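Only one structure is covered here, and it is reproduced in the block below.
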Amino acid sequence: DTLTIPTVVRPSCPTFRCLEAVYWAVLKHTCLRSESQYAMLESVVTEYLETLNKNWSLFGILEFARSKSNPKLSVATIDKFKDDMYKILKRYQDKCNVHVNAKNKASKILSNFESSFSTAEVKQFIKDLEYNEEARINVTSTYTATVLR
Numbered sequence: 007d008t009l010t011i012p013t014v015v016r017p018s019c020p021t022f023r024c025l026e027a028v029y030w031a032v033l034k035h036t037c038l039r040s041e042s043q044y045a046m047l048e049s050v051v052t053e054y055l056e057t058l059n060k061n062w063s064l065f066g067i068l069e070f071a072r073s074k075s076n077p078k079l080s081v082a083t084i085d086k087f088k089d090d091m092y093k094i095l096k097r098y099q100d101k102c103n104v105h106v107n108a109k110n111k112a113s114k115i116l117s118n119f120e121s122s123f124s125t126a127e128v129k130q131f132i133k134d135l136e137y138n139e140e141a142r143i144n145v146t147s148t149y150t151a152t153v154l155r
């Protein structure tokens with residue numbers, strides 16, 4: 007599938023098309039998952055679970071991860087983030103050296119993990135990610151078009 011910049015900001019010059027191709031290649035590369043991203047996510051989720059919080063939730067983990075900006079959350083990576091978060095919570099729940107309350111809270115999050123991703127809060131969170139990505143792409147595209155003039 008091809009990703010394109012809206013026609014309104016796309017000049018017809020070949021140089022711009024070349025830059026557009028490079029831009030999308032870089033963007034796709036940054037969205038790829040690596041072990042270091044998994045490790046960063048694991049540290050963020052673990053930090054969240056080790057904080058004193060009465061209302062732990064999946065949405066809370068998402069907000070906490072976004073505030074840490076590590077790993078970069080995006081609409082393109084949210085499904086992988088979801089899979090990784092499930093694995094991390096499962097491993098955290100099965101650890102021996104974790105406080106019972108923390109294990110119970112991880113179990114609670116896991117018990118309604120799938121349905122939590124369907125809540126209005128999480129859907130709005132994903133819409134916000136999408137809006138921020140589109141805004142960033144439009145700013146970058148407009149800037150590139152301006153520079154090429």
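Residue numbers (our numbering): 7 to 155. Yeah, the Cβ is synthetic: ideal placement off N, Cα and C, and Gly gets one too. Source: prediction; values computed, not measured.
### Message
Among Lys60, Glu140, Thr152 and Gln130, whose alpha-carbon lies nearest the alpha-carbon of Leu68?
### Response
Residue numbering aside, residue 68 sits at position 62 when the sequence shown is read from its first letter. The option with the nearest alpha carbon to Leu68 is Gln130.
### Assigned exposure category for Val51 - 16 Cβ within 10 Å defines buried
Here the question's residue 51 lines up with position 45 in the sequence shown. When all chains shown are included, Val51 counts as buried.
### Task
Classify Thr125 as helix, strand or coil using the three-state DSSP reduction.
Position 119 of the sequence shown, counted from the start, is the residue given in the question as residue 125. Note: Thr125 maps to coil in three-state DSSP.
### Message
I'd like to know whether the C-beta atoms of Ser80 and Glu140 end up nearer to each other than 8 Å.
### Response
Translated into positions along the sequence shown, residue 80 becomes position 74. Translated into positions along the sequence shown, residue 140 becomes position 134. Result no, Cβ atoms of Ser80 and Glu140 do not sit closer than 8 Å.
### Query
Hey, out of Lys74, Trp62 and Asn103, whose CA is closest to Ser49's CA?
By one-based count along the sequence shown, residue 49 stands at place 43. Minimum Cα distance to Ser49 is reached at Lys74.
#### Entry: Assumed close pair Phe70, Thr125 - CB separation to whole angstroms, cut-off 8 Å
Here residue 70 refers to the residue found at position 64 of the sequence shown. Here residue 125 refers to the residue found at position 119 of the sequence shown. At roughly 16 Å, the Cβ-Cβ gap does not stay under 8 Å, so Phe70 and Thr125 are not in contact.
### Query
How would you call Lys114, buried or exposed, if buried means at least 16 neighbouring beta carbons within 10 angstroms?
One-based indexing of the sequence shown puts residue 114 at position 108. Exposed is the call here.
### Query
So Leu47 and Ala108 are in contact, right, with Cβ under 8 Å, and what is the actual spacing, rounded?
Taking the first residue of the sequence shown as 1, we reach residue 47 at position 41. Taking the first residue of the sequence shown as 1, we reach residue 108 at position 102. Not confirmed; about 17 Å, so no contact.
### Query
Mapping DSSP to helix, strand and coil, what is Asn61?
Position 55 of the sequence shown holds residue 61. Residue state, collapsed to three classes: coil.
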